[in-house]
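Residues in the sequence shown are numbered consecutively from 1, following full-length UniProt numbering. Beta carbons: idealized from backbone N, C-alpha and C, even for Gly. If you're wondering where the values come from, they're calculated on a predicted model, not measured in any experiment.
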Amino acid sequence: MINLKEYGFYDYFEKQINSEEKEEGIIPARVVSVQKESYKIVSEYGENNAKLKGSNFYQDSKYQIYPAVGDFVLIKPNSMGDDIIYRVLNRQSYFSRLNPTLRNNIASASEQIVAANFDYVFIMASLNHDFNIRRLERYLAAAWQSGGTPVVLLTKADLCNNYEDMVYQVKEIAPAVEVLAISALTGLGMEDLNRFLKPCKTLVFLGSSGIGKSSLVNALAKEQLMKVNIIREEDSKGHHTTTYRQLFKLENGVLIIDTPGMRELGMWDVEVGLGETFSDIEELTNQCRFHDCSHKAEPGCAVKEALENGTLTTERWKSYEKLLKESKYSAKKADFMKRMSKNNKNAMKLQHNPKIKYDGE
Ligand SMILES: Nc1nc2c(ncn2[C@@H]2O[C@H](COP(=O)(O)OP(=O)(O)OP(=O)(O)O)[C@@H](O)[C@H]2O)c(=O)[nH]1
Ligand SMILES: [Zn+2]
1 MINLKEYGFY DYFEKQINSE EKEEGIIPAR VVSVQKESYK IVSEYGENNA KLKGSNFYQD
61 SKYQIYPAVG DFVLIKPNSM GDDIIYRVLN RQSYFSRLNP TLRNNIASAS EQIVAANFDY
121 VFIMASLNHD FNIRRLERYL AAAWQSGGTP VVLLTKADLC NNYEDMVYQV KEIAPAVEVL
181 AISALTGLGM EDLNRFLKPC KTLVFLGSSG IGKSSLVNAL AKEQLMKVNI IREEDSKGHH
241 TTTYRQLFKL ENGVLIIDTP GMRELGMWDV EVGLGETFSD IEELTNQCRF HDCSHKAEPG
301 CAVKEALENG TLTTERWKSY EKLLKESKYS AKKADFMKRM SKNNKNAMKL QHNPKIKYDG
361 E
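Here is the structure:
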């Protein structure tokens, strides 16, 4: 039998289970992967597939909150097949993004949870040429807002001969946050990490691609992550398929959440990315007659003109608009958090109450 405490299940979650549920034989479990509508969970009986109890989740039903990776859920175990998920317990922390299927309609776009119930957010930035303090600020804001505790890891310290300076710079923008320079290659600074690598604690990573996340996890796991992380199973046609666990436990008991959604958040580089990739369009918009041009029907719209004469393709314009919408959404979040974290007390309060919403201020 598995003790769910080893998967981070503690009092905050336990207290949410009511006596009726207990009498009905409903037990807690943690979601380890989500693929469309099929879930993989771990409960005291081990790992199993699970599906939603339809009447509890579908339209107009009691629970509109769907399970995400890292969530604690209540299930009715089923030794013959899929366990049945009854509901999602309140989250202690989470990261979200706009639901990509609804992105084109910003007004009705919903939040999609990409990771839940983590203790630490490892914000990673590599100490090479693209070290960017503004980007770190945004990651910090997002991390505080998530309800997890941020820890900044400056990676590839072996490639930087003044990493102490960089650590100092980061500490200036984040006085309450632990900042560590590490190298997965040489092992530099790795022992300082031990403070955060406690059994039953859950980590997520925030940072762009190539910063050395896999190398770090492999160094922590002391074996190839792939080996730790792979799930082999037979699909309905009897074929062997390979999927990846999105929440997994290292031998030392540390839990790690790694989802495609988290990776996407790491790439969500608000102003910097936008200006760089779409500088031609930004230039065009500056040429519109009205500075607040919506580029729809205004006279003297440079965008409209460029679209008509073909110097700007509709596709490119559409993707710019899409990105702009997203960045407005995340900038709003980041802004709010910046104001909040000016006053550290507020940030702490927020940290313990992730349900405070940036749009409800
Ligand atoms: N010099 C040096 N190189 C490193 C270090 N850690 C990782 N690298 C190199 O950086 C590159 C990217 O490392 P990964 O661990 O794959 O980075 P990642 O963040 O997992 O990248 P994605 O899988 O694309 O998200 C590889 O070539 C690594 O060998 C380090 O501490 N020092
Ligand atoms: Zn215009």
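Check	Outcome
Proximity below 9 Å, CB of A125 to CB of I211	yes
Nearest residue (CA-CA) to S79, options Y45, I65, S96 and Q92	Y45
Exposed unless 16 or more other CB atoms sit within 10 angstroms - verdict on V117	Residue 117 is actually Asn in this sequence, not Val. Classification for N117: buried.
Neighbourhood of Y86 by C-beta distance below 7 Å, restricted to the same chain and skipping five residues each side	I26, K53, N56, L74, I75 and K76
Span separating the alpha-carbon of E283 from that of E305	13 Å
Where Y45 falls: helix, strand or coil (DSSP)	coil
Three-state class that DSSP yields for D83 in the structure shown	strand
Per-residue DSSP class, three states only, for I65	coil
Cβ neighbour criterion (16 or more within 10 Å) applied to L159	exposed
Same chain, Cβ closer than 6 Å to F290, neighbours up to 5 away in sequence not counted	E298
CA-to-CA distance, Y163 to I123, given in whole angstroms	16 Å
Cut-off 7 Å between Cβ atoms - residues of its own chain near P67, not counting five sequence neighbours on either side	V31, V34, Y39, V73, I85 and V88
Inter-residue spacing [alpha-carbon to alpha-carbon] between L136 and P150	11 Å
7 Å Cβ shell around S96 - same chain, five flanking residues per side excluded	E111, Q112, I113 and V114
6 Å Cβ shell around F13 - same chain, five flanking residues per side excluded	F72 and L89
Exercise answer, beta-carbon shell around ligand 2 heavy atoms below 5 Å	C288, C293, H295, C301 and V303
Completely contained alpha helix (DSSP H) runs for the segment 120–186, where each covers 4 or more residues	133–146 and 163–173
Where I17 falls: helix, strand or coil (DSSP)	coil
Own chain residues within Cβ distance below 6 Å of D82, not counting five before or after	N49, A50 and K51
Backbone secondary structure at T202 - three-state DSSP	strand
Anticipated Cβ contact below 8 Å, V121 with L206, distance rounded	6 Å
A107 classed as buried or exposed, judged by whether at least 16 other C-beta atoms fall within 10 angstroms	The predicted model places A107 with a pLDDT of 41, which falls under 50 and marks its position as unreliable; any figure quoted below should be read in that light. Exposed, since its Cβ has fewer than 16 Cβ neighbours within 10 Å.
Buried versus exposed call for M262 [16 or more other C-beta atoms within 10 Å across all chains shown]	buried
Which residues DSSP lists as bridging S38, in chain order	Q35
Straight-line gap, F196 to S19 (C-alpha atoms, nearest Å)	35 Å
Reduced DSSP category for S55 - H, G, I as helix; E, B as strand; rest coil	helix
Residues that DSSP places opposite A297 in a beta bridge	BP columns for A297 are empty, so no partner.
Rounded straight-line distance, which links the Cα of D292 to that of N309	22 Å
Three-state class that DSSP yields for I281 in the structure shown	helix
Chain D within 9 Å of G54, Cβ atoms only	Looking for chain D here will not work: only one protein chain is present.
Proximity test, M124 beta-carbon vs ligand 1 heavy atom, cut-off 8 Å	yes
Of the listed residues S294, L324 and V179, nearest to T155 (C-alpha basis)	V179
G28, buried or exposed, once every other Cβ within 10 Å from all chains shown has been counted against 16	Per the sequence presented here, residue 28 reads as Pro, with Gly not at that position. Result: buried.
Reference D258, options E6, G70 and Q287, closest by Cα	G70
Ligand 1 heavy atom lying under 8 Å from the CB of R263	yes
Start and end residues, beta strand (DSSP E) containing residue 448	Residue 448 lies beyond the residue range present for the chain, which begins at 1 and ends at 361; the question has no answer from this structure.
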